[in-house]
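*Asks:*
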Amino acid sequence: MFNSSPLERARAQAANPTNNKVFYDLLESIVAEHNIEPDCIYAMDETGFMPGRACTSKVIGKAGNRSQHSTESGNRNNITVLPVICADGTSIPPLVIFQGTAYSVNWLQNNPLKASIGYQKKGYIDDELGVDWIKHVDKYTKEKANGRDRLIVVDSHHSRLTFGFLDYCRRRRIHVITYPTHATQLYQGLDVVIFALLKRCFGKELKKFEESTGQRVQKDNFLTVYTPAHLAAFTEENIKAAFSKTGVYPFNRNAISASQLKPGVETSCTGDGLPL
Numbered sequence: 031m032f033n034s035s036p037l038e039r040a041r042a043q044a045a046n047p048t049n050n051k052v053f054y055d056l057l058e059s060i061v062a063e064h065n066i067e068p069d070c071i072y073a074m075d076e077t078g079f080m081p082g083r084a085c086t087s088k089v090i091g092k093a094g095n096r097s098q099h100s101t102e103s104g105n106r107n108n109i110t111v112l113p114v115i116c117a118d119g120t121s122i123p124p125l126v127i128f129q130g131t132a133y134s135v136n137w138l139q140n141n142p143l144k145a146s147i148g149y150q151k152k153g154y155i156d157d158e159l160g161v162d163w164i165k166h167v168d169k170y171t172k173e174k175a176n177g178r179d180r181l182i183v184v185d186s187h188h189s190r191l192t193f194g195f196l197d198y199c200r201r202r203r204i205h206v207i208t209y210p211t212h213a214t215q216l217y218q219g220l221d222v223v224i225f226a227l228l229k230r231c232f233g234k235e236l237k238k239f240e241e242s243t244g245q246r247v248q249k250d251n252f253l254t255v256y257t258p259a260h261l262a263a264f265t266e267e268n269i270k271a272a273f274s275k276t277g278v279y280p281f282n283r284n285a286i287s288a289s290q291l292k293p294g295v296e297t298s299c300t301g302d303g304l305p306l
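Here this note's numbering is used: the first residue of the sequence shown is 31, the next is one more, and so on.
Here it is in C-alpha cells:
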C-alpha cells in the first residue's frame with residue numbers, strides 16, 4: 031500500500047484533459063493572434079543548487095563493504111539559477127540568486143556566462159527579484175524581437191504574477207501565459223529535457239573542481255564551476271527538444287500522452303494558463 035503526498039495528488043489532479051486543452055488552446059490562440067514567431071517564444075524555470083550536497087555518484091571501495099563515503103564541501107548555501115530558453119534553440123544568460131543579505135562585487139569576478147546576479151536572504155526568487163528578472167529577459171531579447179511581440183511561458187509562482195511584473199510585460203508587448211499549476215513536470219521543457227542533465231554535469235564539475243584545487247565551491251567561484259555544466263546541457267539540440275517534447279514549438283496539442291492525463295477529481299482550471 032502506498033500513500034500519495036498532497037503534492038502528488040495536486041499534480042495528478044492538475045494534469046487532466048480539461049487543463050491540458052485550456053493550456054494548448056490558449057497557447058495556439060496567442061501565437062496566431064499576435065503572429066509570434068519561434069525566435070520570440072521563450073520559456074523559463076528555476077532550479078536550485080546546494081554545492082555542499084554532492085550529487086549521487088558511484089564510489090569504488092572494498093568488496094563486501096556496502097557503505098562507501100565521499101567527502102562534501104560543507105557549503106550548504108542555497109543558490110537559485112533561472113535559465114531562459116528560446117524555441118529557436120538559443121538561450122540568454124541566466125539570473126543567478128545567491129543566499130545573502132548584501133551584494134559582493136567578488137561574485138562578478140568569475141562570470142563567463144555573463145549571468146545577472148542577485149541576492150536574497152534564503153537564496154530564492156521573490157517579488158522584487160521577479161521584476162528584476164523580467165527586465166533582464168527584456169534586455170537580452172528586445173533587439174532580436176525588433177518590435178515584434180514576444181511570448182514567455184512560466185509557472186505560476188507569485189514572483190511572476192505581481193502587478194510590477196505583468197505591467198512591465200504589457201508595456202513591452204511580452205505576452206505571459208502559465209503552465210497548469212502543479213504540472214510543470216509534464217509541460218515545462220526545462221524540467222522534461224534539461225535540468226536532470228544539468229545537475230549531473232554540475233555534479234561532475236563540482237567534484238573535478240574540488241579534487242583538483244582543494245577549494246570549496248562558494249559564491250565567488252560558483253559560476254566558474256557551473257558554466258561548463260550549463261554549456262553542456264543548454265545545447266541547441268536540447269533546447270529545441272525541450273520545446274518540441276512539450277508541444278510548445280512546433281505546436282502539438284497531443285504532446286502530453288493520454289496516459290499522463292488522468293482525469294482529476296477537480297477539473298476546473300482555476301485560472302491555469304490564462305494570459306497574464
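All residues carry an ideal CB built from backbone N, CA and C; glycine is no exception.
Determine, for CYS70, whether the minimum Cβ-Cβ distance to residues of chain B falls below 7 Å.
*Replies:* Absent from the structure is chain B; it holds one protein chain and no more.
*Asks:* Count the other CB atoms within 10 Å of the CB of ASP55; is the residue buried (16 or more) or exposed (fewer)?
*Replies:* exposed
*Asks:* What did DSSP end up calling THR110 once you bin it into helix, strand or coil?
*Replies:* THR110 falls in the strand class under three-state DSSP.
*Asks:* Express the C-alpha separation of PRO258 and ASN141 in angstroms, rounding to a whole number.
*Replies:* 12 Å
*Asks:* Pick from GLY119, LYS249, LEU181: whose alpha carbon is nearest that of ALA271?
*Replies:* GLY119
*Asks:* Comparing C-alpha positions only, which one of ARG202, ASN268, TYR149, LYS238 sits nearest to LYS169?
*Replies:* ARG202 is the residue among ARG202, ASN268, TYR149, LYS238 whose C-alpha sits nearest the C-alpha of LYS169.
*Asks:* Taking 7 Å as the limit between beta carbons, can you name the residues of its chain near PRO280, skipping five residues before and five after?
*Replies:* SER274
*Asks:* To the nearest angstrom, how far is the alpha carbon of ASP197 from that of LEU159?
*Replies:* 15 Å
*Asks:* So, for LYS249: in the same chain, excluding its five sequence neighbours on each side, which residues have a beta-carbon less than 6 Å away from its beta-carbon?
*Replies:* PHE128, TRP137
*Asks:* Quick one, which of THR243, TYR217, ILE207, ALA263 has its alpha-carbon nearest THR276's?
*Replies:* Nearest of THR243, TYR217, ILE207, ALA263 to THR276, Cα basis: TYR217.
*Asks:* Hey, could you find the ends of the alpha helix (DSSP H) LEU236 is sitting in?
*Replies:* 225-243
*Asks:* Starting from the C-beta of CYS199, find all residues in its chain whose C-beta is less than 7 Å away, skip the five residues before and the five after it, and write them out in chain order.
*Replies:* Same-chain partners within the cutoff: ILE164, VAL206.
*Asks:* How many angstroms separate the CA atom of LYS151 from the CA atom of GLY194?
*Replies:* 21 Å
*Asks:* Can you give me the Cβ contacts of LEU112 inside the same chain, cut-off strictly under 7 Å, excluding the 5 residues immediately before and after it?
*Replies:* MET74, GLU76, PRO124, LEU125, ILE155, TRP163
*Asks:* Consult DSSP for THR208 and reduce its assignment to one of helix, strand or coil.
*Replies:* strand
*Asks:* Nearest CA to the CA of LYS174: which residue from ARG190, ILE66, GLY219, GLU241?
*Replies:* ILE66
*Asks:* Does the distance from the C-beta atom of GLY148 to that of ILE109 stay below 7 Å?
*Replies:* no
*Asks:* Take the Cβ of GLY219 as the centre, count every other Cβ of all protein chains shown within 10 Å, and call the residue buried at 16 or more, exposed below.
*Replies:* buried
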